[in-house]
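Some notes on the structure that comes next.
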Amino acid sequence: MGDSQYSFSLTTFSPSGKLVQIEHALTAVGSGQTSLGIKAANGVVIATEKKLPSILVDETSVQKIQCMTPNIGVVYSGMGPDFRVLVRKSRKQAEQYHRLYKEPIPVTQLVRETAAVMQEFTQSGGVRPFGVSLLVAGYDDKGPQLYQVDPSGSYFSWKASAMGKNVSNAKTFLEKRYTDDMELDDAVHTAILTLKEGFEGQISGKNIEIGIIGADKNFRVLTPNEIEDYLAEVE
Amino acid sequence: MSTSSVELPPKGGFSFDLCKRNEMLAKKGANPPSFRKTGTTIVGLIFQDGVILGADTRATAGSIVCDKNCEKIHYMAPNIYCCGAGTAADTEAVTDMVNSQLQLHRYHTGRESRVVTALTLLKSHLFKYQGHVQAALVLGGVDVTGPHLHTIYPHGSTDTLPFATMGSGSLAAMAVFESKYREGLSKEEGINLVCEAICAGIFNDLGSGSNVDLCVITKGHKEYLRNYQVPNHRAHISSKGFTFPKKTEVLLTKITPLDEKVEVIEAGDAMEE
Numbered sequence: 001m002g003d004s005q006y007s008f009s010l011t012t013f014s015p016s017g018k019l020v021q022i023e024h025a026l027t028a029v030g031s032g033q034t035s036l037g038i039k040a041a042n043g044v045v046i047a048t049e050k051k052l053p054s055i056l057v058d059e060t061s062v063q064k065i066q067c068m069t070p071n072i073g074v075v076y077s078g079m080g081p082d083f084r085v086l087v088r089k090s091r092k093q094a095e096q097y098h099r100l101y102k103e104p105i106p107v108t109q110l111v112r113e114t115a116a117v118m119q120e121f122t123q124s125g126g127v128r129p130f131g132v133s134l135l136v137a138g139y140d141d142k143g144p145q146l147y148q149v150d151p152s153g154s155y156f157s158w159k160a161s162a163m164g165k166n167v168s169n170a171k172t173f174l175e176k177r178y179t180d181d182m183e184l185d186d187a188v189h190t191a192i193l194t195l196k197e198g199f200e201g202q203i204s205g206k207n208i209e210i211g212i213i214g215a216d217k218n219f220r221v222l223t224p225n226e227i228e229d230y231l232a233e234v235e
Numbered sequence: 001m002s003t004s005s006v007e008l009p010p011k012g013g014f015s016f017d018l019c020k021r022n023e024m025l026a027k028k029g030a031n032p033p034s035f036r037k038t039g040t041t042i043v044g045l046i047f048q049d050g051v052i053l054g055a056d057t058r059a060t061a062g063s064i065v066c067d068k069n070c071e072k073i074h075y076m077a078p079n080i081y082c083c084g085a086g087t088a089a090d091t092e093a094v095t096d097m098v099n100s101q102l103q104l105h106r107y108h109t110g111r112e113s114r115v116v117t118a119l120t121l122l123k124s125h126l127f128k129y130q131g132h133v134q135a136a137l138v139l140g141g142v143d144v145t146g147p148h149l150h151t152i153y154p155h156g157s158t159d160t161l162p163f164a165t166m167g168s169g170s171l172a173a174m175a176v177f178e179s180k181y182r183e184g185l186s187k188e189e190g191i192n193l194v195c196e197a198i199c200a201g202i203f204n205d206l207g208s209g210s211n212v213d214l215c216v217i218t219k220g221h222k223e224y225l226r227n228y229q230v231p232n233h234r235a236h237i238s239s240k241g242f243t244f245p246k247k248t249e250v251l252l253t254k255i256t257p258l259d260e261k262v263e264v265i266e267a268g269d270a271m272e273e
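Those sequence lines, one after another, are chains A and B. Quick note: the first sequence, position 160, residue 160 per UniProt numbering, numbers continuous. Quick note: the second sequence, position 84, residue 84 per UniProt numbering, numbers continuous.
Right, dumping it as structure tokens:
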């Protein structure tokens, strides 16, 4: 590739105007496990595949969906360790905001601050960009919101989005199925069906993770039993 | 070259301009304004199911009561509360900071906070500041290891006790505890004892007063009883207002109209572009 001379140094633009390291980071994201999010009229649902490398791994010790504040949750596609670091930083920023203003941080503010952290790592020496894209789901005074944050630090608000391996099929499926007046339960069913589309093997409560937030503004991850109930409804 | 000194704006940092004036005032006997202290009676005791914390609600600045109903029982975690005595700003800032740290810790570990965690965070902070952060605290809560009650002194030392009192009214409250406390109190008995201890502080110590606040913490449950007892209820002034018995007599009326002085301004030049 003509860009290969510029692909090693993050802080150097290539002649075509791209930062090749960020492109590579997006590739890392694209080869990660599928995750998706759907914004319903009265809440948001985010979901991801939880394919473990071997049956010997204790799946209860792995939690891919994390909560950043009581009313904001996040899921990722890409490198798990990078995700952990970002979640830790974001939680601290949310807590600092709360200490300063004595109000829970609005979703857009937290997304902005997380994106700023990710952007820092694209313009500093000796570091590499984060190899994750995040889907942030939150419910605040402005209602339910869903944001995607990329390794470059850019963020977008979505009605429904997907990332990872099966992104094009998943997005097509979501485009067909999405309606503006969807309820949270319908959104969960749609999310499960979308995951099922590209799922290799038997889908069950133990190899997917779903997080929801409703009008009660309390983000929570569904237990495997609850997921099994939803799966049964979908069949 | 003229030797006149030019007034330069301050470059930042502390301005020592008023120090001489303050020194002069102090020599003449004028006292600087004092900061707000909580004077205070705060207590805690362990009963059979958990911990009860109690506090009065008077905040003083010198000899003036500046808040008749302030909150001295601070939230630290869903299962941990902390009473604060000493400088009000210090107790509030330090409990707020440790509250924040405990919240982050809960996110990272996914577990309920322990009382000893809050204790260690508080005492390390206070020790670091060598007693300049004047916060004397009674920390109590129930976690997986059971109910705990600790006192923390401004310099950073701590005690672990079944019953504790702090503040200017601590001796009055401790007298009540020492005579009536026993292990295995029920919730009713515990609440009554705490109220008695706080009331002892309220009525016998000048730095404590007004109402009694309580917080009862048990495993998985907490009750924050704000103004549980109001022994100093303030009866308000009569709504009818005051009537004066004797009307004022008018002796002389003299009206002097002021001269009107009106300046006529000619249409001035339009503003230059």
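A virtual CB, placed ideally from N, CA and C, is assigned to each residue, including glycine.
Cross-chain neighbours of residue i in chain A, by beta carbon under 8 angstroms
| i | result |
| --- | --- |
| B:TYR75 | Residues of chain A passing the Cβ test: none, with the nearest at roughly 13 angstroms. |
Partners in chain B for residue i, counting only beta-carbon separations shorter than 7 angstroms
| i | result |
| --- | --- |
| A:LYS50 | By Cβ distance, chain B contributes nothing, its closest Cβ being about 17 angstroms from A:LYS50, past 7 angstroms. |
| A:GLU95 | SER100, GLN103, LEU104 |
Local conformation of residue i per DSSP, three classes
| i | result |
| --- | --- |
| A:GLY80 | helix |
| B:ARG226 | strand |
| B:PHE47 | strand |
| B:PHE163 | strand |
| residue 327 of chain B | The requested residue 327 of chain B is not part of the displayed model; chain B covers only 1 to 273. |
| B:LYS72 | coil |
| A:TYR230 | helix |
| B:ILE64 | strand |
| B:THR243 | coil |
| B:TYR107 | helix |
| A:GLN21 | helix |
| A:ILE203 | coil |
| B:LEU206 | coil |
| B:MET1 | Because the pLDDT of B:MET1 is 45, which lies under 50, any placement of that residue in the model is unreliable, and the number read from its coordinates should be weighed accordingly. In the structure shown, B:MET1 sits in coil (DSSP, three-state: anything other than H, G, I, E or B). |
| B:GLU183 | coil |
| A:GLU197 | helix |
| B:HIS132 | coil |
| A:MET182 | coil |
| A:PRO224 | helix |
| B:LEU193 | helix |
Rounded separation between residue i and residue j - CA only
| i | j | result |
| --- | --- | --- |
| A:ASN218 | B:SER168 | 42 angstroms |
| B:LEU161 | B:MET174 | 12 angstroms |
| A:ALA116 | B:LYS68 | 46 angstroms |
| A:GLY131 | B:ILE52 | 50 angstroms |
| B:HIS150 | B:LYS219 | 17 angstroms |
| A:ALA160 | A:ARG128 | 29 angstroms |
| B:ALA164 | A:TRP158 | 55 angstroms |
| B:THR256 | B:VAL262 | 18 angstroms |
| residue 237 of chain A | A:THR114 | Residue 237 of chain A cannot be examined here, being either before or after the span of chain A that is shown, 1 to 235. |
| B:CYS82 | B:ALA118 | 10 angstroms |
| residue 274 of chain B | B:ALA85 | This structure cannot settle anything about residue 274 of chain B, because the visible part of chain B is limited to 1 through 273. |
| B:THR41 | B:HIS236 | 26 angstroms |
| B:THR57 | B:GLY209 | 6 angstroms |
| B:MET1 | A:GLN93 | Low confidence applies here, because B:MET1 scores a pLDDT of 45, under 50, leaving its location unreliable and the question unanswered by this model. |
| B:GLY62 | B:GLN101 | 33 angstroms |
| B:ARG111 | A:GLN148 | 29 angstroms |
| A:ALA40 | A:VAL234 | 18 angstroms |
| B:ILE46 | A:LEU174 | 57 angstroms |
| B:HIS74 | B:GLU92 | 8 angstroms |
| A:MET1 | A:GLN63 | Because A:MET1 sits at a pLDDT of 45, beneath the cut-off of 50, its placement in the model cannot be relied upon, and the point is left open. |
| B:ILE202 | B:PHE177 | 15 angstroms |
Neighbouring residues, chain B, relative to residue i (Cβ below 8 angstroms)
| i | result |
| --- | --- |
| A:LEU99 | Contrary to the premise, residue 99 of chain A reads as Arg rather than Leu in this sequence. What A:ARG99 touches in chain B: ASP96, MET97, SER100. |
Neighbour list for residue i in chain A, Cβ cutoff strictly below 9 angstroms
| i | result |
| --- | --- |
| B:TYR181 | Residues of chain A passing the Cβ test: none, with the nearest at roughly 37 angstroms. |
Residue from the options whose Cα sits closest to the Cα of residue i
| i | options | result |
| --- | --- | --- |
| B:VAL94 | B:ASP67, B:LYS123, B:LEU104 | B:LYS123 |
| B:ASP159 | B:GLY44, B:SER100, B:ALA172, B:ASN204 | B:GLY44 |
| A:VAL75 | A:THR60, A:ALA41, A:SER14, A:VAL45 | A:VAL45 |
| B:PRO147 | B:ARG226, B:GLY50, B:ASN204, B:ASN99 | B:GLY50 |
| A:THR12 | A:GLY126, A:ASP216, A:GLU59 | A:GLY126 |
| A:GLU120 | A:ASP181, A:ALA137, A:ILE72, A:SER154 | A:SER154 |
| A:PRO104 | A:MET68, A:GLN63, A:SER124, A:GLY17 | A:MET68 |
| B:GLN229 | B:ILE217, B:THR253, B:ALA200, B:LYS247 | B:ALA200 |
| A:VAL29 | A:GLU209, A:ARG177, A:ALA162, A:ILE208 | A:ALA162 |
| A:ASN71 | A:GLU95, A:GLN33, A:SER35 | A:GLU95 |
| B:ILE64 | B:MET76, B:GLY39, B:LYS72, B:ASN79 | B:GLY39 |
| B:ASP96 | B:GLY190, B:ARG114, B:HIS108, B:HIS125 | B:HIS125 |
Residues that residue i contacts on chain A, provided the C-beta gap is smaller than 7 angstroms
| i | result |
| --- | --- |
| B:TYR107 | ARG91 |
Any C-beta of chain C under 8 angstroms from that of residue i
| i | result |
| --- | --- |
| A:HIS189 | The structure shown contains no chain C; the protein chains it does contain are A and B. |
**Item:** Within the segment 89-166 of chain A, ranges of the beta strand (DSSP E) (whole runs, at least 3 residues)
**Value:** Entirely contained in the segment 89-166 of chain A, the beta strand (DSSP E) runs reaching 3 residues are, in chain order, 132-140, 143-149, 155-157, 160-163.
**Message:** Report the start-end ranges of each beta strand (DSSP E) in the segment 19-62 of chain A that is 3 residues or longer and not cut off at the edges.
**Reply:** With a minimum length of 3 residues, the continuous beta strand (DSSP E) runs that stay inside the segment 19-62 of chain A are 35-40, 43-49.
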